[in-house]
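Each number in the numbering used here comes from the position in the sequence shown (counting from 1) with 5 added on.
All C-beta atoms in this analysis are idealised placements derived from N, C-alpha and C, irrespective of residue type, glycine included.
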Amino acid sequence: MNQGVTWSEIRVRYRETDQMAIAWHGNYIEWFEVARTDWLRGHGLSYRELENRGILLPVLRVSCDYARPARYDDVLVIETKLQSYNGLRLTLSYIVRAQQEESIVASGHTEHAFTNAKLHPIRIARSAPEIHRLLEG
Numbered sequence: 006m007n008q009g010v011t012w013s014e015i016r017v018r019y020r021e022t023d024q025m026a027i028a029w030h031g032n033y034i035e036w037f038e039v040a041r042t043d044w045l046r047g048h049g050l051s052y053r054e055l056e057n058r059g060i061l062l063p064v065l066r067v068s069c070d071y072a073r074p075a076r077y078d079d080v081l082v083i084e085t086k087l088q089s090y091n092g093l094r095l096t097l098s099y100i101v102r103a104q105q106e107e108s109i110v111a112s113g114h115t116e117h118a119f120t121n122a123k124l125h126p127i128r129i130a131r132s133a134p135e136i137h138r139l140l141e142g
């Protein structure tokens, strides 16, 4: 399994905060998506390439545990790595840290299935063996 870690940087924008200047909890799911896209690119893949080949990666499950608030203008660094891969599904883990303090702000996971354009599950080893090899490491 390829455990290659990638890091994504996000600055909390004003519109992402509430009246207390704290980042709204739902933004973390969007930030995980940014980090997931960066992780794919960091491993020689892109959503566009996958979709052009008729391969989709819908989210099956998402979790996020909040440790402390992120605030307006904080720079967050999201560490992303492959947690598991079995040919049908892949799970990525995320650790969000405040760059200024290196403290953990949140952590989470997303689980995805490989599907075709009709959202039917596919075995990536058959559909795209080079991607399977890449993910297996």
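Scanning its chain for C-beta atoms nearer than 8 Å, with the 5 sequence neighbours on each side dropped, one finds around Asp-70 the residues Ala-111, Ser-112, Gly-113, in chain order.
Distance from the Cα of Ala-72 is smallest, within the candidate group Glu-135, Glu-54, Ser-108, Ala-122, for Ser-108.
Pairing Leu-124 with Val-17, the inter-Cα distance amounts to about 33 Å. Per DSSP, the beta-bridge partners of Lys-86 are Ser-98.
For Arg-102, the closest alpha carbon among the candidates Trp-36, Leu-95, Leu-87, Gly-142 is that of Trp-36. Contact between the region 74-83 and the region 21-32 is present, with at least three C-beta pairs closer than 8 Å.
Note: His-117 is bridge-paired with Val-64, Leu-95 in the DSSP secondary-structure output. Collapsing the DSSP output to three states places Val-110 in a strand. For Ile-129, the enclosing alpha helix (DSSP H) has its first and last residue at 129-132. The continuous stretches of beta strand (DSSP E) do not include Thr-22, and DSSP gives it neither H nor E.
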